[in-house]
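Sequence lines, in order, name chains H and W.
The first sequence: position 39 = 39 (the numbering used here), numbered continuously.
The second sequence: position 27 = 1027 (the numbering used here), numbered continuously.
The beta-carbon is built from N, C-alpha and C at its ideal position, and this holds for glycine as well.
Small disclaimer: the values here were computed from a predicted structure and weren't measured.
Worksheet for the structure shown next.
2 protein chains.
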Amino acid sequence: MDHEQAADSLTELGNTHRLAVFRFLVRAGHEGASVGEIQKELGIPASTLSHHLARMTKVRLIRQEKHSRTTICIPEFQNLERLIDFLMEECCAGDAEGKDAA
Amino acid sequence: MDHEQAADSLTELGNTHRLAVFRFLVRAGHEGASVGEIQKELGIPASTLSHHLARMTKVRLIRQEKHSRTTICIPEFQNLERLIDFLMEECCAGDAEGKDAA
DNA sequence: ACCATATTTCTAGAGGTCTCGAATTAATGG
DNA sequence: CCATTAATTCGAGACCTCTAGAAATATGGT
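Structure representation (structure tokens):
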């Protein structure tokens, strides 16, 4: 994960709707959820939701699989892990005592 | 960590300058770094940097301690941990097989 | 072919963010 | 005091995001 990709991902997560969607998908797990299911759960207007999902897909926080009419959204768990690692990288390297003393 | 605070924190981290500053401070550890040191390291104009630091302080990603003329910035490690936990909460609860299979 | 369902694209207004020079405030040293 | 250093506040232009209704697209069923 490079700096720019991390910043982009964090920007996308920093929106109330997108964060709610992402967390819903994280809970849903590897099977994900369809756009319609997300809409029912969170009550976001379709066009707004589609816009947010497109943004999250673009930065690879999620991926979308189209099965005939329905679009399934699945979190990119590996990228979430990479993002978290990026934030904690070299944590407390400057501390006198043991590192990672978060 | 509630939803709104998480979203606010993520928004702040989602800016290239702020992310660079935050990571520099995470590396610096519990002793943090002064505004001047951050400026020297990252080469961000003073007014711009001050603006970004104020925003990060507001959402408690960092805290600022004033020692006479110099302002020391220190990451709020606990809040970073809470934020990360928030993102992973109930990860894969909907999966048939074991949870947290990120 | 026709209709319903699922989702995306278009559009546009309202509001927010980023940036940084200039001015300002505050604290220290001589 | 006066100059210097450290940092913040002000101001304004450029740019981006959010939102959601309306229109469009795509697929499947009958």
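* Proximity to Met-1/H [Cα-Cα], best of Gln-64/H, Val-59/H, Thr-71/H and Arg-63/H -> Val-59/H
* Would you call Glu-1012/W buried or exposed, if buried means 16 or more other Cβ atoms sit within 10 Å of its Cβ? -> buried
* Asked: Would Val-26/H count as contacting chain W if we go by Cβ distances under 7 Å?
  -> yes
* 7 Å Cβ cutoff met for Ala-7/H and Thr-1016/W -> yes
* To do: Take Lys-1066/W as the anchor and find which of Thr-1048/W, Phe-1024/W and Gly-1032/W has the nearest alpha-carbon.
  => Gly-1032/W
* Asked: Which stretch, first to last residue, makes up the alpha helix (DSSP H) that contains Glu-1065/W?
  -> Premise fails: Glu-1065/W lies in the beta strand (DSSP E), 1062-1067, not in any alpha helix (DSSP H).
* Asked: Using a Cβ-Cβ cut-off of 6 Å (strictly less than) and excluding sequence neighbours within five positions of Thr-71/H, which residues of its own chain qualify?
  -> Val-35 and Gln-64
* Asked: Taking the beta strand (DSSP E) that Ile-1072/W falls in, what are its first and last residues?
  -> 1070-1075
* Closest Cβ-Cβ distance between Gly-1094/W and chain H: below 7 Å? -> yes
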